[in-house]
Every structure is written in C-alpha cells, then in structure tokens.
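Residue numbers (the numbering used here), protein chains in the order written: chain D, 66 to 221; chain C, 66 to 221.
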C-alpha cells in the first residue's frame, strides 16, 4: 500500500535525523501526485529554530519546490500527530489530508508539550499560562481597513 | 510608554509591508532587554510560504540573532492576536508575554481564517474538516523509544 511506504519514509526520517543529533524524533513528507515533494525533520535544537518542526519544514520545502503557497493537491505523512502549530500550518497550506502515526499523548509521554499546547490553545486568553494583553486596537485596525480596500491584494 | 512604541512598530510593519505587496496586513516584533531583536511581517504570498506569518518570521529572526531556540526573556508585540499556528510557536519559543492589537474576529472579518482555525484545532480529529488518519503507530513508537534512551538528546 502506497500510504504505508510514505509513512515509513517519514518514520525513517524521524529516526535517522534524531540519531544524527538534528532534534526531536519527528519526520514528515509531503506527497503530490504520488511523489514526495517535501521532506522534513525536527531541527529545533540544531537550527536554533523553535518553529522547525518536521511538518513545517516539509511544507516549506514542498512550497519552494512547487512554487506555490497552496498545497491543496498534496497529502502529508507525519510520524506523529501534528502539534497545534503544525496542525494550523496544514490548514493554512490547504493540505486536505494527513496521515499520522504516534499520537499527541505518545509525544507528551516522552517529554514534548503537544497535549498541553492543545489545552492552552483552546482556552480563552485570560486563562492561559501565557500572559496576553491587548493594546492599540484602533491603530492596528487602520491596516485592516487598508487591506480591505486594496485592489491589488492576493487573498489566501 | 515603551510597550506602545514597540506595538506601533509592529503596526507600522503591518501597513508598510502590506502596501509593498509582501502579504497580509500583519506585523510583529520580538523585544529583549528593551531592544528589538526580531522583526516580522506576513510573507505568505510573496515568499510562497504559508507558515511565514509575522510572528513566525519575527521569532525565527530573533532566534537567529540571539543564537538560541529559547526566547524566555523576550516579549512579542503583534499587530493582531496570533492564530493557533503562531500561538503554539510562541509557546514552543518559551516567550512568556505577548501584546496584541487586532483580534481573531477582526482578522476573520477581513477574510482570514483565524477564528475558524481556533475552532478546528479544539475539535477531536474525527470532527475536523481536515481528514486525519492514523497508521503504523507501532513502527513510529520505536523512534520515541530511541529518543527516551538517547543519552545525547537536547530536550526542549
């Protein structure tokens, strides 16, 4: 089954790159028309980039390769259920289908914050561990109004 | 007030970069010890990168500049309430405090999916618009076990 081959590639990346000291044990591939167009692995600690999760890295590579910001004909295979950052990135990239192997609870069990983050993101701002304050909304809204009236905008 | 100065810089970026055709009307700055160490603006359509939201771009720049994957002494100023992708990235970067101006509802009103995404991320996988399927967990768990027993790992 083709799906299993792609998932095995994501799992292989999760192992090999971790063993090379690149970061946590996570791998992902983006597939378009039966071909891998993006490969990713966790590079948080090796690239000093907290956003360099396997899925984000794979999505960015696929977009570079396909020269687009929309992956709406692609499928993502990831060795672990995406964290909220990667899940939202999948939506922004318009990827319609995701296969995953390990779960957020499996990730929590080996020390990653995925399950905690799902709870935090679902909370109203006032009840989060992160301090969030609002200011200057009226000034910022002016930019939104400019966007609305901009005839040259590229919606996404 | 210092906070307002930094927020005004984020708002200025949101306007100027949108007017230059870089992407949506969003700007952000990361501040450490009273100095801006990262600036970001939406580059989704100009860089063909669906993950290039203002906050992500600012966090990546701050990490590059400070040579770290932890921004636990930094504050983020963003011209709009972060979407779930950016909110989770803020947690992963260990940023303890965020100032924002526009809200997710303001963003929804000008055509961005932020409010929709907050609902989707909070749902169990089976009830999301995105198709998610699990497979090969047993094989992927082997990578997690290797991580657990790896004496050279860098936790984050």
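For each residue, glycine too, the CB sits at the ideal point set by N, CA and C.
Asked	Found
Per DSSP, what kind of secondary structure is residue 82(C) in: helix, strand or coil?	helix
So, is the C-beta of residue 133(D) closer than 7 Å to a C-beta in chain C?	yes
With a threshold of 7 Å on Cβ separation, who are the neighbours of residue 83(D) within its own chain once the five nearest residues in sequence on each side are excluded?	89, 90
Candidates 111(C), 203(C), 123(C), 217(C): which alpha carbon is nearest residue 134(D)'s?	111(C)
Of the residues that make up the segment 188-217 of chain C, which ones have a beta carbon closer than 9 Å to any beta carbon in chain D?	190, 193, 194, 195, 196, 197, 198, 199, 200, 201, 202, 203, 204, 205, 206, 207, 208, 209, 210, 211, 212, 213, 215, 217
Could you check what DSSP says for residue 110(D) in three-state terms: helix, strand or coil?	helix
On the criterion of 16 or more Cβ atoms from any shown chain inside 10 Å, does residue 147(D) qualify as buried, or is it exposed?	buried
Which chain D residues are close to residue 157(C), counting only those with a beta carbon under 9 Å from its beta carbon?	109, 115, 116, 118, 148, 150, 178, 182
Is it right to say residue 78(D) is buried, meaning 16 or more other beta carbons lie within 10 angstroms of its own, or is it exposed?	buried
Could you pull out every residue in the same chain whose Cβ sits closer than 8 Å to the Cβ of residue 167(D), ignoring the five residues on either side in sequence?	144, 145, 146
Could you have a look at residue 218(C) and say whether DSSP puts it in helix, strand or coil?	coil
Are the segment 151-167 of chain C and the segment 180-200 of chain D touching by the rule of at least three beta carbon pairs closer than 8 Å?	yes
Check for me: the beta strand (DSSP E) holding residue 158(C) runs from which residue to which?	Where residue 158(C) is concerned, there is no enclosing beta strand (DSSP E), given that its DSSP letter is neither H nor E.
Against chain D, does residue 15(C) count as a neighbour if the rule is that its beta carbon must be under 7 Å from one of theirs?	With chain C running from 66 to 221 in the structure shown, residue 15(C) is simply not present.
Cβ closer than 7 Å: which chain C residues qualify as neighbours of residue 103(D)?	Within chain C, no residue comes near residue 103(D); the closest Cβ sits about 12 Å away, beyond 7 Å.
State the Cα-Cα distance for the pair residue 220(C) and residue 73(D), rounded to the nearest angstrom.	25 Å
What number of angstroms, rounded off, separates the C-alpha of residue 94(C) from the C-alpha of residue 216(C)?	36 Å
Does chain C have any CB closer than 7 Å to the CB of residue 139(D)?	no
Report back the beta-carbon spacing between residue 119(D) and residue 92(D) to the nearest angstrom; my notes put them in contact at under 8 Å.	5 Å
Classify residue 151(C) as helix, strand or coil using the three-state DSSP reduction.	helix
Can you pull the chain D residues whose beta carbon is under 7 Å from the beta carbon of residue 97(C), in chain order?	Chain D residues near residue 97(C): none, gap ~14 Å exceeds 7 Å.
I want to verify the contact list: residues of chain D whose CB lies under 9 Å from the CB of residue 94(C), in sequence order.	Chain D residues near residue 94(C): none, gap ~13 Å exceeds 9 Å.
For my contact list, residue 101(C) and residue 131(C) are in at a C-beta cut-off of 8 Å; report their separation, rounded to the angstrom.	12 Å between Cβ atoms; not a contact.
Relative to the C-alpha of residue 109(D), which residue among 207(C), 194(C), 180(C), 124(C) is closest?	124(C)
Indicate whether at least one CB of chain C lies closer than 7 Å to the CB of residue 162(D).	yes
Taking the alpha helix (DSSP H) that residue 93(C) falls in, what are its first and last residues?	Segment 92-97 is the beta strand (DSSP E) holding residue 93(C); no alpha helix (DSSP H) there.
Can you tell me where the beta strand (DSSP E) with residue 190(D) in it begins and where it stops?	Premise fails: residue 190(D) is in no beta strand (DSSP E) and is neither H nor E.
Determine, for residue 125(D), whether the minimum Cβ-Cβ distance to residues of chain C falls below 7 Å.	yes
So the candidates are 208(C), 214(C), 156(C); which of them puts its Cα closest to the Cα of residue 76(D)?	208(C)
Starting from residue 185(C), find everything on chain D with Cβ-Cβ shorter than 7 Å and list it in chain order.	156
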